[in-house]
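Undergrad:
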Amino acid sequence: MIEFTILLLLMAIGIISIKFIFSPTIWERILALNLISGKTVLLLLLIGFQRDNFFFLDIALTFSIVGFLAVTLITRFLMEGGRQK
Amino acid sequence: MISNFFLMISWIFLLFGVIGLFRFKSIYLKILVASKIDTVAFFSIILALVFRIGLQWESLKLLAILLFFLITSPLNSQFIGRSALINGIPLKDPETVSKDDQELKES
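Chains as they are written, first to last, in the working numbering: chain X, -8 to 76; chain H, 88 to 194.
1) Between Val127 of chain H and chain X, is any beta-carbon pair separated by less than 9 Å?
2) Excluding sequence positions up to five away, which residues of its chain have a Cβ less than 8 Å from the Cβ of Leu48 of chain X?
3) What first and last residue would you give for the alpha helix (DSSP H) that runs through Arg110 of chain H?
4) Does the beta carbon of Phe40 of chain X sit closer than 9 Å to a beta carbon anywhere in chain H?
5) Against Ile7 of chain X, what residues of chain H qualify as contacts under a CB-to-CB distance less than 8 Å, listed in chain order?
6) Where do the ends of the alpha helix (DSSP H) carrying Gly58 of chain X lie?
7) Are the CB atoms of Thr31 of chain X and Trp98 of chain H within a distance shorter than 9 Å?
8) Assuming contact is defined by CB atoms lying nearer than 9 Å, are Phe156 of chain H and Gly29 of chain X in contact in what I supplied?
9) Could you name the residues of chain X that Phe166 of chain H contacts, counting a contact when the two beta carbons are closer than 8 Å?
10) Measuring only the C-alpha atoms, how far is Leu34 of chain X from Leu1 of chain X?
11) Where Phe93 of chain H and Leu150 of chain H are concerned, what is the direct C-alpha to C-alpha distance, given to the nearest angstrom?
12) Who are the near neighbours of Val62 of chain X in its chain, counting only those whose CB is closer than 8 Å to its CB and skipping five residues on each side?
13) When the distance is taken between beta carbons, is Leu69 of chain X closer than 9 Å to Ile170 of chain H?
14) How about Phe195 of chain H and Leu147 of chain H: are their beta carbons less than 9 Å apart?
15) Under 8 Å, with one C-beta from each stretch per pair, do the region 6 to 18 of chain X and the region 135 to 142 of chain H reach the 3-pair mark?
16) For Phe13 of chain X and chain H, any beta-carbon pair shorter than 9 Å?
17) In the structure shown, what three-state DSSP assignment does Asp125 of chain H receive?
18) Looking only at its own chain, which residues have a Cβ that is under 8 Å from the Cβ of Ile(-7) of chain X, when we skip the five neighbours before and after it?
19) Taking Cβ positions, are Gly104 of chain H and Ala51 of chain X nearer each other than 9 Å?
20) Show which residues of chain X have a CB atom less than 7 Å away from the CB atom of Ile118 of chain H.
Below you can see the structure in the form of structure tokens.
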């Protein structure tokens, strides 16, 4: 079951990456980045449980903090006009 | 057993999220469907893992990750939507607005 879930998450990340590359506006790209970061945390947790290695939990917590900071800082930068200001 | 049930729920919601990201045209509808369905998938997978290992220190760590995600995911969605609104993306699609106007005129 866990292996199939890992496979499904990898397929979802691949399909969202297509959306990330070929989207017209930058906000859809940031939305795709947000989704990819959330699914990467799940992927780290599931890989850690499949290998019986609980150190992956700390890596997943760190990765969730980094993903939140990335999306927040990029959107704060764009909200004030971005590079065109 | 319960853990497998929660994993199956997460498969369904992952598929719905990917389909909804390609189905809708407006950015706000995409934010809505993606954030809601991603939260449900996260919740169900972490509950499945907690039921799999029982009550340990690692399950408390998993619940801490879940709490952090439940706080930050709506913040991210709100930031993206607000940034798109301030920079001039209209709330309604021009195509759907014109269709509604035509239907009103015909009726």
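Glycine included, each C-beta is placed from N, C-alpha and C at the ideal position.
TA: Checking against the coordinates, here is how it stands:
1) Your numbering for residue 127 of chain H matches position 40 in the second sequence. Val127 of chain H does not count as touching chain X.
2) Taking the first residue of the first sequence as position 1, residue 48 of chain X is located at position 57. So the qualifying residues of the chain are Leu36, Gly39.
3) Residue mapping note: residue 110 of chain H aligns to position 23 of the second sequence, counting from 1. Where Arg110 of chain H is concerned, the enclosing alpha helix (DSSP H) stretches over 89 to 110.
4) Working through the first sequence from its first residue, we reach residue 40 of chain X at position 49. For Phe40 of chain X, the answer is yes, since a Cβ of chain H falls inside 9 Å of its Cβ.
5) If you number the first sequence from 1, residue 7 of chain X lands on position 16. Chain H residues near Ile7 of chain X: Val105, Leu108.
6) The residue labelled residue 58 of chain X in the question sits at position 67 within the first sequence. Segment 47 to 70, the alpha helix (DSSP H) holding Gly58 of chain X.
7) Locating residue 98 of chain H in the second sequence gives position 11, where the first residue counts as 1. Locating residue 31 of chain X in the first sequence gives position 40, where the first residue counts as 1. No; because the gap between Cβ atoms is not below 9 Å, this pair is not in contact.
8) As a working mapping, residue 156 of chain H is identified with position 69 in the second sequence. As a working mapping, residue 29 of chain X is identified with position 38 in the first sequence. Their beta carbons are under 9 Å apart, which means Phe156 of chain H touches Gly29 of chain X by this criterion.
9) If you number the second sequence from 1, residue 166 of chain H lands on position 79. What Phe166 of chain H touches in chain X: Val62, Thr63, Thr66, Arg67, Met70.
10) Translated into positions along the first sequence, residue 34 of chain X becomes position 43. Translated into positions along the first sequence, residue 1 of chain X becomes position 10. Taking the straight line from one Cα to the other gives about 8 Å.
11) The residue given as residue 93 of chain H occupies position 6 in the second sequence. The residue given as residue 150 of chain H occupies position 63 in the second sequence. Distance between the alpha carbons of Phe93 of chain H and Leu150 of chain H: 15 Å.
12) Counting from one through the first sequence, the residue named residue 62 of chain X turns up at place 71. Here the set comprises Ile21, Leu24, Asn25, Ser28.
13) Stepping through the second sequence from its first residue, residue 170 of chain H is reached at position 83. Stepping through the first sequence from its first residue, residue 69 of chain X is reached at position 78. A quick correction: the sequence has Ser, not Ile, at residue 170 of chain H. Yes.
14) Chain H is shown from 88 up to 194; residue 195 of chain H falls before or after that span and cannot be answered.
15) no
16) Looking up residue 13 of chain X in the first sequence gives position 22. No, Phe13 of chain X does not count as interfacial toward chain H.
17) Position 38 of the second sequence, counting from 1, holds the residue named residue 125 of chain H. DSSP places Asp125 of chain H in helix when its eight states are reduced to three.
18) As a working note, residue -7 of chain X is residue 2 in the first sequence. Leu37, Phe40, Gln41, listed in sequence order.
19) One-based indexing of the second sequence puts residue 104 of chain H at position 17. One-based indexing of the first sequence puts residue 51 of chain X at position 60. No, the pair does not count as a contact, with Cβ atoms beyond the cut-off.
20) Indexing the second sequence from 1 puts residue 118 of chain H at position 31. Per Cβ cutoff of 7 Å: Leu22.
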